[in-house]
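Report on the structure given below.
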Amino acid sequence: MNLNQYTVKSQEAIQAAQQVAMELGNQSIEPQHLLEGIFQVDENISPFLLKKSEADANLVRERNRENLEKLPKVQGGNIYLSQSANKVLLDAPNIAKKMGDEYVTIEHLWLSLIETSSEVSQMLKDMGVTKKLLEGAIKELRKGSKATSASSEETYQSLNKYAKNFNELAAEGKLDPVIGRDEEIRRVLQILSRRTKNNPILIGEPGVGKTAIAEGIAHRIISG
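Numbering (the numbering used here), first residue to last: 2 to 225.
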């Protein structure tokens with residue numbers, strides 16, 4: 002396992018997992034420790050992914066902690082990675098590569114956890130979390146971004162903090178209907194549909210209707 006392939010956040014999660022195992026007196030690091038490590042270092046991405054996967058992050062963490070308490074405790078001895086935990090960490094870079102990412106992020110660890118046969122993957126599935134739901138949540142989280150740096154997770158968090166997902170708002174009925182602007186909306190959609198030079202720019206003074214055009218586009222995307 003090459004830790005240089007992992008983002009800072011995912012490395013911190015692995016280190017936290019080891020610390021959890023030490024504190025609980027467990028000789029092997031299991032997927033349960035990895036999951037708790039993720040929760041300890043990540044307060045944004047994991048709750049987002051679970052919410053979008055129709056699961057409660059607090060309940061998932063509580064259930065995982067209950068499972069941690071059931072693991073055998075051993076005094077002394079070196080801590081090592083269990084076979085299943087090792088598989089999670091070995092498969093994560095392959096998942097990252099398939100997604101076109103240069104670094105292993107928290108999202109890849111989640112996908113690897115649910116794909117690797119273990120008590121954690123079974124627990125997640127029992128709570129309604131599936132690979133398909135996670136992949137959809139990751140797509141929504143990233144908004145097309147790729148993991149190209151060791152701090153990639155910070156980029157997603159910035160998008161969620163400073164940007165609005167109009168498509169999501171339109172689907173939830175939280176955007177008002179757009180009256181007029183049909184010509185401008187059609188023109189922007191034409192530009193977006195181009196193979197090249199497909200980046201329209203809306204220019205104008207505040208209050209002239211730039212946001213309304215963007216909202217109108219979201220309405221049309223959602224309505225098909």
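Think of the CB as a built atom: it goes at the ideal place given N, C-alpha and C, for glycine as much as any other residue.
| field | Per-residue DSSP class, three states only, for residue 125 | value | Walking along the sequence shown from the start, residue 125 turns up at place 124. Helix.
| From this set, 180, 15, 187, 50, which residue's C-alpha is nearest residue 91's C-alpha? | Position 90 of the sequence shown, counted from the first residue, corresponds to residue 91. Of the candidates 180, 15, 187, 50, the one whose C-alpha sits nearest the C-alpha of residue 91 is 15.
| query | Are there 16 or more other CB atoms within 10 angstroms of the CB of residue 42, so buried, or fewer, so exposed? | reply | Working through the sequence shown from its first residue, we reach residue 42 at position 41. Residue 42 is buried by the Cβ-count criterion.
| message | So, does the region 97-110 touch the region 64-79, judging by three or more C-beta pairs under 8 Å? | response | Cβ pair count under 8 Å is below three, so no.
| query | What residue range is occupied by the uninterrupted alpha helix (DSSP H) comprising residue 21? | reply | Here residue 21 refers to the residue found at position 20 of the sequence shown. Going by DSSP, residue 21 is part of the alpha helix (DSSP H) stretching over 9-25.
| said: Looking only at its chain, what residues have a beta carbon closer than 6 Å to the beta carbon of residue 115, apart from the 5 residues adjacent to it on each side? | reply: Numbered from 1 along the sequence shown, position 114 holds the residue referred to as residue 115. Excluding sequence neighbours, residue 115 sits near 122, 125, 132.
| said: Quick check on the DSSP output: the alpha helix (DSSP H) that includes residue 150 runs from which residue to which? | reply: The count along the sequence shown starts at 1 and reaches residue 150 at position 149. Counting along the chain, residue 150 falls outside any alpha helix (DSSP H), and DSSP gives it neither H nor E.
| said: Within a Cβ cutoff of 7 Å, which residues of the same chain sit near residue 113, ignoring the five residues on either side of it in sequence? | reply: In the sequence shown, counting from the first residue as 1, residue 113 sits at position 112. Excluding sequence neighbours, residue 113 sits near 89, 92, 93, 96.
| field | CA-to-CA distance, residue 84 to residue 18, given in whole angstroms | value | The residue you call residue 18 lines up with position 17 of the sequence shown. The residue you call residue 84 lines up with position 83 of the sequence shown. Spanning the two alpha carbons is a distance of roughly 15 Å.
| query | If you count every other CB in all the chains shown that lies within 10 Å of the CB of residue 7, and 16 or more means buried, which is it? | reply | Position 6 of the sequence shown, counted from the first residue, corresponds to residue 7. Looking at its Cβ environment, which holds 16 or more other Cβ atoms inside 10 Å, residue 7 is buried.
| query | Using the C-alpha atoms, what's the distance from residue 61 back to residue 52? | reply | Residue numbering aside, residue 52 sits at position 51 when the sequence shown is read from its first letter. Residue numbering aside, residue 61 sits at position 60 when the sequence shown is read from its first letter. Those two C-alpha atoms are separated by around 11 Å.
| field | Opening and closing residue of the alpha helix (DSSP H) in which residue 135 lies | value | On the sequence shown, position 134 is the one that residue 135 refers to. Note, residue 135: alpha helix (DSSP H), 132-143.
| Residues of its chain near residue 149, where Cβ-Cβ distance is below 8 Å and the 5 sequence neighbours each way are ignored | As a working mapping, residue 149 is identified with position 148 in the sequence shown. Correct list, in chain order: 102, 103, 104.
| task | Would you kindly work out how many angstroms separate the C-alpha atoms of residue 31 and residue 100, rounded to a whole number? | result | On the sequence shown, position 30 is the one that residue 31 refers to. On the sequence shown, position 99 is the one that residue 100 refers to. Distance between the alpha carbons of residue 31 and residue 100 is about 25 Å.
| task | Using alpha carbons as the reference points, say which of 57, 38, 183 lies closest to residue 127. | result | One-based indexing of the sequence shown puts residue 127 at position 126. For the residues 57, 38, 183, the minimum Cα distance to residue 127 belongs to 57.
| Taking only beta-carbon atoms, is residue 49 less than 7 Å away from chain C? | Of the protein chains in the structure, only one exists, and it is not chain C.
| query | Can you name, in chain order, every residue of its own chain whose Cβ lies under 8 Å from the Cβ of residue 176, other than the five neighbours on each side? | reply | Here the question's residue 176 lines up with position 175 in the sequence shown. Contacts found: 167, 170, 216, 219, 220.
| What separation, rounded to the nearest whole angstrom, lies between the Cα atoms of residue 231 and residue 165? | Since the first and last residues shown for the chain are 2 and 225, residue 231 lies out of range.
| said: Within 10 Å of its beta-carbon, does residue 198 have 16 or more other beta-carbons around it, so buried, or fewer, so exposed? | reply: Walking along the sequence shown from the start, residue 198 turns up at place 197. It is exposed - the Cβ of residue 198 has fewer than 16 other Cβ atoms within 10 Å.
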